[in-house]
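Student:
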Amino acid sequence: MKSPLKVAAIALAATLMSGPALAQIEKPECVAPAKPGGGFDLTCRIAQQGLAPQLDDPMQVTFMPGGIGAVAINLFATTRTDDPNAIVAFSSGSLLNIATGKFGKWTEDDVRFVGTAGADFGAVVVREDSPYQTLDDLMDAFKEDVKGVVVGAGGSVGSQDWMKAALLLKSIGEEPRAMRYVAFDGGGDAIAGLLGGSIQAYMGDVGEMVPHLGAGQMRILALMSPERLPEPFAEYPTAIELGYDAEWTILRGFYMGKDVSDEAYNAWADAFKAAYETEAFAQIQKEKGLMPLNMAGDELDASVKKRIANLRDVAREAGLIE
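Read in order, the letters of the sequence shown correspond to residues -23 to -1, 1 to 299 in mature numbering (1 follows the signal peptide of the UniProt record, and there is no 0).
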């Protein structure tokens, strides 16, 4: 007959063994809701590399283009609502799309925001052989003929990337809706459009530019960060220091389906929190052109929902929604 002490020890061991199993992340996946090469790709790569020490299995990155995130949120709000092993990349642009109803009936209450990758910033980019050598050159061209420069980015009119161009035009007294704007399905497509000559200026993100630095194909005219960034971007001026009231900070992070268990949600949140404590994660952020903006779990979920409420107010003031 087993002693009560031994029985208790066995029960405790069973509890300890079964507890973590409920929260174990198996075959982790990060969904980038666009084609390869843009900001969502960047965001997933940060998770793939930064969370590697916290995960037993290597993370798979899946590309799911369509509606700049609309297809992905629809899937995770309908079919994969309780998937414990997948996270989906989002940005401030995704939050703006939610705020302005571009994701249809899906709102911030249909997903759970779980962790951040960091803070990114807008970037004004042209081809290397562009006649616009400086941001002043580009803005002078807009002043001469606002329709004379074809601008493109990974989002439709009213999107985050469109807003970057709108802020620049407003800073010189031009009407944003008058510009010639080409919408692409993600940053990767927009960069291809710039290199192919279908657009003359690209409203991108700092993080997207990291793989292209030194390639001799594109030039950054200015960053839309509040102040100059550290290397490898220290040489690039900000739009603000050049005299244009145009700043755009981008939150990059991840969400899960709304019906995911608390155990699975907390497993991911804890993995992010553990990663944030390491020098390795900070180095990955730096290499990818992001600044630390580390939040996870309920703190992030509450913060994002507050951001979306603020974006709705801004969108109403801009006439994007009623």
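Note that beta-carbon positions come from the ideal geometry of N, C-alpha and C, so glycine has one too.
#1: By the three-class DSSP mapping on this structure, what secondary structure does THR111 have?
#2: Work out the CA separation of PHE67 and ASP34 for me, nearest whole Å.
#3: For the region 241 to 259 and the region 169 to 183, state whether three or more C-beta atom pairs, one from each stretch, are separated by less than 8 Å.
#4: Please work out which residues of its chain come closer than 6 Å, Cβ to Cβ, to ILE50, disregarding the five sequence neighbours upstream and downstream, and give them in chain order.
#5: From ASN62 to ASP87, what distance separates their C-alpha atoms?
#6: If you draw a straight line from the C-alpha of ASP97 to the C-alpha of ASN271, how long is it?
#7: Can you list the beta strand (DSSP E) stretches of 3 or more residues lying completely in the region 1 to 33, in chain order?
#8: Note down, in chain order, each residue of its chain lying with its Cβ closer than 8 Å to the Cβ of residue 308, except the 5 sequence neighbours on either side.
#9: Determine the direct distance from the alpha carbon of ILE227 to that of LYS282, and round the result to whole angstroms.
#10: Over the uninterrupted alpha helix (DSSP H) stretch that includes LEU171, give me the two end residues.
#11: So which of GLU152, ASP18 and ARG104 has the shortest CA-CA distance to GLY46?
#12: Using only alpha-carbon positions, find the residue among VAL134, ILE168, ALA211 and GLN194 that is nearest to GLY44.
#13: Thinking C-alpha only, which one of VAL123, HIS189 and TRP139 is nearest GLY129?
#14: Which runs of the beta strand (DSSP E) fall wholly inside the region 170 to 205 and span at least 3 residues, in chain order?
#15: Measure the alpha-carbon distance for LYS120 versus SER148 and round it to whole angstroms.
#16: Could you tell me if GLY193 is buried or exposed, where buried requires 16 or more neighbouring beta carbons within 10 angstroms of its beta carbon?
#17: What residues match up with MET268 in a beta bridge as DSSP calls it?
#18: Just verifying my parser: in three-state terms, what is the DSSP assignment at ILE64?
#19: Quick check on DSSP: helix, strand or coil for ARG57?
#20: Is it the case that the region 163 to 174 contacts the region 212 to 223, given that we only count it when at least three CB pairs across the two stretches are under 8 Å?
#21: Does the distance from the C-beta atom of ARG57 to that of MET195 stay below 8 Å?
#22: Using the Cα positions of ASP290 and VAL38, report the straight-line distance between them to the nearest angstrom.
#23: Just tell me which of VAL127, GLY132 and GLN137 has its CA closest to the CA of ALA295.
#24: Going by the beta-carbon positions, is the gap between VAL102 and MET156 smaller than 8 Å?
Tutor: With the given structure in hand:
#1: Residue mapping note: residue 111 aligns to position 134 of the sequence shown, counting from 1. The answer is coil: DSSP assigns THR111 none of H, G, I, E or B.
#2: In the sequence shown, residue 34 corresponds to position 57, counting from 1. In the sequence shown, residue 67 corresponds to position 90, counting from 1. When rounded, the distance between both Cα atoms is 23 Å.
#3: no
#4: Translated into the one-based positions of the sequence shown, residue 50 becomes position 73. Closer than 6 Å at the Cβ level, and outside the excluded window around ILE50, lie PHE80 and TRP83.
#5: As a position in the sequence shown, residue 62 is number 85, starting the count at 1. As a position in the sequence shown, residue 87 is number 110, starting the count at 1. Going by the C-alpha atoms only, they are around 17 Å apart.
#6: Sequence index remark: in the sequence shown, residue 97 carries index 120 (1-based). Sequence index remark: in the sequence shown, residue 271 carries index 294 (1-based). About 12 Å.
#7: 6 to 9
#8: Since the first residue shown for the chain is -23 and the last is 299, residue 308 is missing from the structure and cannot be characterised.
#9: Translated into positions along the sequence shown, residue 282 becomes position 305. Translated into positions along the sequence shown, residue 227 becomes position 250. Straight-line Cα distance between these residues: approximately 15 Å.
#10: The sequence position of residue 171 within the sequence shown is 194, counting from 1. 164 to 173 is the span of the alpha helix (DSSP H), which, as asked, contains LEU171.
#11: Counted from its first residue, the sequence shown places residue 46 at position 69. Cα-wise, what sits closest to GLY46 is ASP18.
#12: Position 67 of the sequence shown, counted from the first residue, corresponds to residue 44. Among VAL134, ILE168, ALA211 and GLN194, the Cα nearest to that of GLY44 is on VAL134.
#13: The residue you call residue 129 lines up with position 152 of the sequence shown. Check the Cα spacing between GLY129 and each of VAL123, HIS189 and TRP139: the tightest is with TRP139.
#14: 178 to 182 and 195 to 200
#15: The sequence position of residue 120 within the sequence shown is 143, counting from 1. The sequence position of residue 148 within the sequence shown is 171, counting from 1. Going by the C-alpha atoms only, they are around 11 Å apart.
#16: Indexing the sequence shown from 1 puts residue 193 at position 216. So GLY193 ends up on the exposed side.
#17: Taking the first residue of the sequence shown as 1, we reach residue 268 at position 291. Partner(s): ALA96.
#18: On the sequence shown, residue 64 is found 87 positions in, with the first residue counted as 1. It is a strand residue.
#19: In the sequence shown, counting from the first residue as 1, residue 57 sits at position 80. Of the three classes helix, strand and coil, the one that applies to ARG57 here is coil, per DSSP.
#20: no
#21: Counting from 1 along the sequence shown, the entry for residue 57 is found at position 80. Counting from 1 along the sequence shown, the entry for residue 195 is found at position 218. Result no, Cβ atoms of ARG57 and MET195 do not sit closer than 8 Å.
#22: As a first step, residue 290 is located in the sequence shown; it is residue number 313 there, counting from the start. As a first step, residue 38 is located in the sequence shown; it is residue number 61 there, counting from the start. Each residue's Cα considered, the two are about 34 Å apart.
#23: Taking the sequence shown and counting its residues from 1, the one referred to as residue 295 is at position 318. If we check each option's Cα against that of ALA295, GLN137 comes out closest.
#24: Your numbering for residue 102 matches position 125 in the sequence shown. Your numbering for residue 156 matches position 179 in the sequence shown. Cβ atoms of VAL102 and MET156: not closer than 8 Å.
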